[in-house]
Each structure stands twice: as structure tokens, then as C-alpha cells.
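J.:
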Amino acid sequence: MAENKKVLIAEDSSVIQNLTKKILMMQNYSIHSAKNGEQVLKALEKESFDIILMDINMPKMDGMECTRAIRALDDEQKSSIPIIAITGNAKNYTNEEFKEAGINEYLQKPLNFDQLVETVKKLTN
Numbered sequence: 001m002a003e004n005k006k007v008l009i010a011e012d013s014s015v016i017q018n019l020t021k022k023i024l025m026m027q028n029y030s031i032h033s034a035k036n037g038e039q040v041l042k043a044l045e046k047e048s049f050d051i052i053l054m055d056i057n058m059p060k061m062d063g064m065e066c067t068r069a070i071r072a073l074d075d076e077q078k079s080s081i082p083i084i085a086i087t088g089n090a091k092n093y094t095n096e097e098f099k100e101a102g103i104n105e106y107l108q109k110p111l112n113f114d115q116l117v118e119t120v121k122k123l124t125n
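Numbering (the UniProt record's numbering) for the sequence shown: 1 to 125.
#1: Is the CB-CB distance between PHE49 and ILE81 below 8 Å?
#2: Assuming contact is defined by CB atoms lying nearer than 8 Å, are GLN115 and LEU107 in contact in what I supplied?
#3: Quick check on this structure: which residue in MET64, GLU47 and ASN57 has the alpha carbon closest to the alpha carbon of LYS78?
#4: Using 8 Å as the threshold, is the C-beta distance between ASP12 and MET58 below it?
#5: Is the segment 90-104 touching the segment 25-35 in the sense that three or more CB pairs, one from each, lie closer than 8 Å?
#6: What residue from GLU3, ASN4, LYS5 and MET25 has the CA that sits closest to PHE113's CA?
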């Protein structure tokens, strides 16, 4: 069960963030959210998460840059958190670029919520 698994949703769209939050809360995940990469890094300073859903196109610091910053953290537990990229522009990046940045999986927008839940479960078990 997803009980006590903490998910950080990094997404600047309130609509997508709220829908994702509701879907994952129904699966008993504990949800935290951020609107940009800077907020993600601040949240990681304060607490740990089991997985991060990372929008690629965010203001201030995009998802690719934020993922690289997380992978460079000194805290081994935090630097190895599974990260799922969420993007409407997957064609702008190759699988190789996602891998090089440290992204574990990516999901295309519009989100398929069954696929989202399945991917989150797979990476948090």
C-alpha cells in the first residue's frame, strides 16, 4: 500500500497539480507540491520524499536543471530519489537527455492517470 509514501509534485499548472494530487491521494500517497524547481530544492532541504513528479517546463528553474541539481546533492538518499518527468514537449528531448539529467521515467501530457499511478507505484515499491 502507498501509505506514508511521500510524493512531491513539481508542476506550475494548478489544474494539473490538483488533478494529480487528487488521483494520488486516492491511492493513499502523502502529497506535497511546488510550482518551480527552486521550491523543489527548498522542500528537499526540509524533508525527504519517496518520489518526485517533475514538470519539465517550469518558471525560475526548469525540470531538467532541477533534476541535475538534485542528482548533485551531497545527501545520497535525496540525490537518488526516483524522478518522473512530466512533459507536453517530450519531443524536445531524447531519452538519452532524460537519462543524462537523471530522470528515471517520463510521462507525456495530457497525463494518463492510470499510467501515472502504475509508474509511481513501480518506483516507490
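The beta-carbon is built from N, C-alpha and C at its ideal position, and this holds for glycine as well.
T.: From the atom records:
#1: yes
#2: yes
#3: GLU47
#4: yes
#5: no
#6: MET25
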